[in-house]
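Read the structure below first, then the notes.
Protein chains: 2
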Amino acid sequence: MKYNEFLKILSAFKEEFSRESLFENRDKIRVKKDSSVTKNLERIFDTTLVISNKKGFQAMTMRDLSREAGLSMGALYSYFSSKEVLLTMLQHHGRSITKNILERQIKIEKEPADKLITAIKIHLYLSEAMQPWFYFSYMEARNLSEQEQTRAIESELYTERIFEEILQEGEIAGVFQSGNHQLTAGIIKAMLQDWYLKRWKYAKRNISVERYAEYLTGMIEAFCLSPGN
Amino acid sequence: MKYNEFLKILSAFKEEFSRESLFENRDKIRVKKDSSVTKNLERIFDTTLVISNKKGFQAMTMRDLSREAGLSMGALYSYFSSKEVLLTMLQHHGRSITKNILERQIKIEKEPADKLITAIKIHLYLSEAMQPWFYFSYMEARNLSEQEQTRAIESELYTERIFEEILQEGEIAGVFQSGNHQLTAGIIKAMLQDWYLKRWKYAKRNISVERYAEYLTGMIEAFCLSPGN
DNA sequence: GTCTATACACAGATAGAC
DNA sequence: GTCTATCTGTGTATAGAC
């Protein structure tokens with residue numbers, strides 16, 4: 035799949051999913067009118083990502099956010115009860131999109147080798163399209179409450195387990211070599227994360243997401259495929 | 035090389051290097067007595083790493099640091115002029131140790147394949163021994179001043195270039211396959227970083243640094259070595 | 001050199017007018 | 001629903017005693 039095709043799928047998904055997604059935390063929001071929520075919450079989220087990714091969520095003041103988002107302090111606080119809640123909402127929002135898209139796209143493939151390639155590509159494409167959120171999610175994990183940190187770790191391990199299971203499945207089917215699949219899955223995850231954590235580097239070197247995907251899958255195949263496959 | 039052997043080399047190096055290293059910022063420190071500096075500065079550094087790695091440098095207050103390091107606010111400020119300067123000093127300190135050790139150990143090897151393995155191992159061992167600093171350095175990079183950020187990026191790219199050059203050298207010697215060595219070097223770096231960024235994960239899974247090193251070098255060799263080597 | 005006490009700025013959050 | 005004005009706690013940093 036090309037990145038352009040993926041973008042279409044993603045935007046269709048967001049369209050369909052926007053109510054559940056953006057309104058997941060509806061009960062925590064004081065504002066009643068839906069149209070205000072959709073309009074302002076997205077603006078608040080986007081602005082938070084921009085400022086936080088530059089200097090950290092902790093260092094972003096509510097006055098910064100107020101100014102950049104074009105809403106008064108008072109208005110901001112009618113969308114969340116505290117800065118910490120804003121952080122939690124933002125994390126939830128991104129996680130549910132990621133999880134849904136990833137599962138949905140992997141299900142389409144039947145063969146382990148295809149599944150592996152697809153999982154890698156979709157993850158890369160996702161993190162390309164939602165880079166600010168992925169970066170934010172990684173860097174701010176330790177500012178979360180204990181409960182939310184647990185969820186973040188679960189989410190991290192969940193993705194890894196997807197890779198691990200595909201590798202396992204492939205070994206049984208005879209297409210993948212045996213090995214420590216958990217370790218391999220972890221290493222794959224690390225390579226995927228590098229893409230959104232070091233975006234500046236790859237941009238400077240003119241490496242497109244498709245090029246990176248190709249190089250990465252090549253490396254994984256060299257290591258995982260059974261000889262002859 | 036085993037990790038234990040490395041630790042001996044490291045501690046010998048630190049011994050010999052401690053003056054230059056700890057006193058690199060000597061001019062910025064108001065305290066005159068050397069014995070006070072060696073004793074307290076190391077304590078300040080270590081404590082800063084512990085607190086910051088838990089909740090972020092920004093979120094660590096000087097009162098936190100004062101309490102945990104067992105020094106009053108006033109005393110703290112006689113070792114650095116501001117919180118920002120403390121950050122800069124800490125970064126410098128770790129960078130010079132890393133750079134020196136890495137260069138010194140790689141020089142020993144002559145064959146590209148050995149050089150590559152050594153570079154990977156030494157980097158892993160270093161980040162194992164100095165994990166708090168490596169983690170800190172990665173996570174707090176964006177809180178640095180513009181000038182210091184440039185230095186941090188340079189340092190990051192410098193390490194990558196070491197790998198790139200080894201790969202290049204090996205291709206000419208015929209032991210490594212051709213390919214985009216810059217991309218490969220970046221990916222190797224990502225895998226090395228995962229070790230100190232996700233230490234909790236590997237600890238939980240009982241993966242030792244030696245085991246990780248072995249797995250990683252195995253993967254790199256599968257991808258890089260020319261057939262027949 | 002190290003302490004205690006304090007200055008001063010600025011953070012997050014809310015009350016109440018519109 | 002959104003604004004402005006303001007409360008209160010906490011942050012970094014320093015002055016001056018010991």
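Chains as they are written, first to last, in our numbering: chain A, 35 to 263; chain B, 35 to 263.
For glycine and all other residues, C-beta sits at the position ideal for the given N, C-alpha and C.
Every value quoted in this text rests on a predicted model; they were computed, and no experiment measured them.
- B/Ile221 places its beta carbon less than 8 Å from that of A/Met225.
- Looking at the DSSP output, B/Phe210 shares a beta bridge with B/Leu259.
- For A/Gly204, the nearest beta carbon of chain B is not closer than 8 Å to its own beta carbon.
- One thing to note: A/Glu190 has its Cβ no nearer than 8 Å to the Cβ of A/Ser86.
- One Cα belongs to A/Leu178, the other to A/Leu121, and the distance between them is close to 8 Å.
- A Cβ of chain B is located within less than 8 Å of the beta carbon of A/Phe257.
- Under the 8 Å criterion on CB atoms, B/Ile241 is classed as interfacial with respect to chain A.
- When A/Ser106, A/Lys117, A/Leu75, A/Ala103 are compared, the shortest CA-CA separation from A/Gln92 is found for A/Lys117.
- Using a 10 angstroms sphere on the CB of A/Ile200, the tally of other CB atoms reaches 16 or more, which defines it as buried.
- For B/Gln227, the uninterrupted alpha helix (DSSP H) run begins and ends at 215 to 231, by DSSP.
- Counting along the chain, B/Asn74 sits inside the alpha helix (DSSP H) bounded by residues 68 to 89.
- In terms of Cβ geometry, B/Leu136 and B/Leu160 form a close pair [threshold 8 Å].
- Nearest neighbour of B/Arg239 by Cα position, chosen from A/Asp98, A/Leu217, A/Asn240, A/Thr72, turns out to be A/Leu217.
- If you check each beta-carbon in the stretch 90 to 121 of chain B against every beta-carbon of chain A, the ones closer than 8 Å belong to Gly90, Gln92, Ala93.
- Interface residue (Cβ-Cβ distance to chain B less than 8 Å): A/Met164 is not classified as such.
- Annotation: the continuous alpha helix (DSSP H) that includes B/Tyr159 extends over 146 to 163.
- Separation of A/Asn38 and A/Glu244 (C-alpha to C-alpha, rounded to the nearest whole angstrom) is 10 Å.
- Remark: C-beta atoms of B/Arg77 and B/Ser112 do not approach each other more closely than 8 Å.
- Cβ-Cβ distances below 7 Å link A/Glu198 to His215, Gln216, Ala219 in the same chain, with the five nearest sequence neighbours on each side left out; the list follows chain order.
- Close CB contacts of B/Gln165 within its chain, under the 8 Å cut and outside five residues either way in sequence, are with Tyr230, Arg233 (chain order).
- Ranked by Cα distance from B/Ser260, the first of B/Ala247, B/Gly208, B/Tyr192 is B/Gly208.
- Between A/Ser115 and A/Lys149, the C-beta gap is not smaller than 8 Å, which leaves the two residues out of contact.
- Secondary structure note for A/Arg129: its alpha helix (DSSP H) is the uninterrupted segment 117 to 142.
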